[in-house]
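Line by line, the protein sequences are chains S and D. Sequential numbering from 1 applies to the first sequence in our numbering. Sequential numbering from 219 applies to the second sequence in our numbering. Just so you know, even glycine gets a beta-carbon here, dropped at the ideal spot from N, CA and C. As structure tokens, the structure follows; a few thoughts come after it.
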Amino acid sequence: MTSPAPVDPRETASEQELIASIIAGQRDNFHLLIRPYETQLYRTAFALMRNEAEAEDVVQDAVLKAYRKLASFRGDSKFSTWLIAITLNEARARLRRENRVMIDSLDAQPEERGDFTPAALTDWREVPLAALERQEIRELVQSAVAQLPDAYREIVTLRDVEELSVNETAALLGISISLVKVRLHRARMMLQKKLVPHLKQIGKKASKSRVFGRLPWL
Amino acid sequence: MALNCQHVWEHISEYIDDTLDPQLRAEVERHLATCEICSAIVDSTRNILILMADERVFELPLDFSKRLHARLDDVLKHEGPEPLGIGP
């Protein structure tokens, strides 16, 4: 097991005050307390449920639970980590109820160990963030993530979508840092292999359009 | 010992996260300086990670926040947080 990520007292001072005020009776402050984390919680839930409506239900239930259990938040981890842990539990409980158990042990699966060949290329042109304005590009990335094995999708969401640290990810999932690193590496290489052939075309188009943009007569 | 491409592929994720030990990192960098394919693999992986972290990829459903706070309001009106020591 790993220790929780260190808590920066400056970041949490106002959060602690908010929490104290809610427990003291200013219940409406709970809206303010959770607002910064809504997106993160939704992405966590979506990584497990893979369905918008179910992910939304999970977040609502998790947030209500967090409100009811607020007095038990001890401040030894970040508040965001505590919320994400509750959301993961809610999502898992729902999957269990519906017999959609997550396959948590990938150790028996060949991709955990076997050699992995990324998509090789020599002429990679960066795909600019502006490409995400196009729905097809967003869907491409979403579907590549959705197709990952459960345990990989969970890790890549926490680490690369929500940008939590490796330590936080390990603590949340209750696995070792080295296992997080192994799975993260596999997940990233799978995404690379799946996405690069599609994105390569887009990178080419994007760089062409930049050139054309400079030539007003085209 | 010089690393070959396959060795480098094993370390791409940690290379990107900058968690390789300095010696190994230097060896990976030496390889990348001369290997076009591996540099393109590193660049493309990094690019994918940048795209994935963009908030437009996994957007909240329309009115997600409104519904969440409305449901919360219903509960906040009637109950406060549980005192410590109740329930699991």
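For chain D, check one thing: does any of its Cβ atoms lie closer than 8 Å to the Cβ of Y37 (chain S)? With 8 Å as the cut-off, Y37 (chain S) does not count as an interface residue toward chain D.
Helix, strand or coil for I175 (chain S) per DSSP? Correct three-state label for I175 (chain S): coil.
What does a CB cutoff of less than 7 Å around D107 (chain S) pick up in its chain, not counting 5 residues either side in sequence? Because the pLDDT at D107 (chain S) is just 49, under 50, the model does not fix this residue reliably, and the value given afterwards should be weighed accordingly. Answer for D107 (chain S): no residue qualifies.
Of the residues S:V196, S:V180, S:L195 and S:K200, the one placed nearest D235 (chain D), counting alpha carbons only: When C-alpha distances from D235 (chain D) are compared across S:V196, S:V180, S:L195 and S:K200, the shortest belongs to S:V180.
Under 9 Å Cβ-Cβ, which residues of chain S neighbour R243 (chain D)? Correct list: empty, because the minimum Cβ distance to chain S is about 15 Å.
For P110 (chain S), which residues in the same chain have their Cβ closer than 7 Å to its Cβ, ignoring the five residues on either side in sequence? With a pLDDT of 47 at P110 (chain S), under the threshold of 50, the predicted position of this residue should be treated as unreliable, though the coordinate-derived value follows. Excluding residues within five positions, none has a Cβ falling inside 7 Å.
Within chain D, the residues that I175 (chain S) reaches when beta carbons sit closer than 9 Å: For I175 (chain S), there are no neighbours in chain D by C-beta distance under 9 Å, as the nearest C-beta there is about 16 Å away.
Where does N89 (chain S) sit, in a helix, a strand or coil, going by DSSP? Of the three classes helix, strand and coil, the one that applies to N89 (chain S) here is helix, per DSSP.
Ends of the alpha helix (DSSP H) at D236 (chain D)? Neither: D236 (chain D) is in no alpha helix (DSSP H) and is coded neither H nor E.
Cutting at 7 Å between CB atoms, please list the residues of its own chain near Y67 (chain S), excluding the five before and the five after it. F30
A108 (chain S) - DSSP class collapsed to helix/strand/coil: Confidence is the limiting factor: at A108 (chain S) the pLDDT is only 45, short of 50, which leaves the residue's position unreliable, though a coordinate-based value still follows. Residue state, collapsed to three classes: coil.
Using the beta-carbon of each residue, which ones in chain D are nearer than 7 Å to R138 (chain S)? R274 and V275
Can you round the beta-carbon distance between K69 (chain S) and E300 (chain D) to whole angstroms, since I take them to be within the 8 Å contact cut? 7 Å
Helix or strand or just coil, what does DSSP make of R35 (chain S)? Residue state for R35 (chain S) is assigned as helix, using DSSP reduced to three classes.
Identify which residue in S:I84, S:S143, S:A171 and S:S72 has its Cα closest to the Cα of I19 (chain S). S:S72
Starting from the beta carbon of R188 (chain S), find every residue of chain D whose beta carbon is closer than 9 Å, and list them in chain order. I230, S231, I234, T263, I266 and L267
Could you give the distance in angstroms between the alpha-carbon of N99 (chain S) and the alpha-carbon of W82 (chain S)? Going by the C-alpha atoms only, they are around 26 Å apart.
What residue range does the alpha helix (DSSP H) around P128 (chain S) cover? Here P128 (chain S) belongs to no alpha helix (DSSP H), and DSSP marks it neither H nor E.
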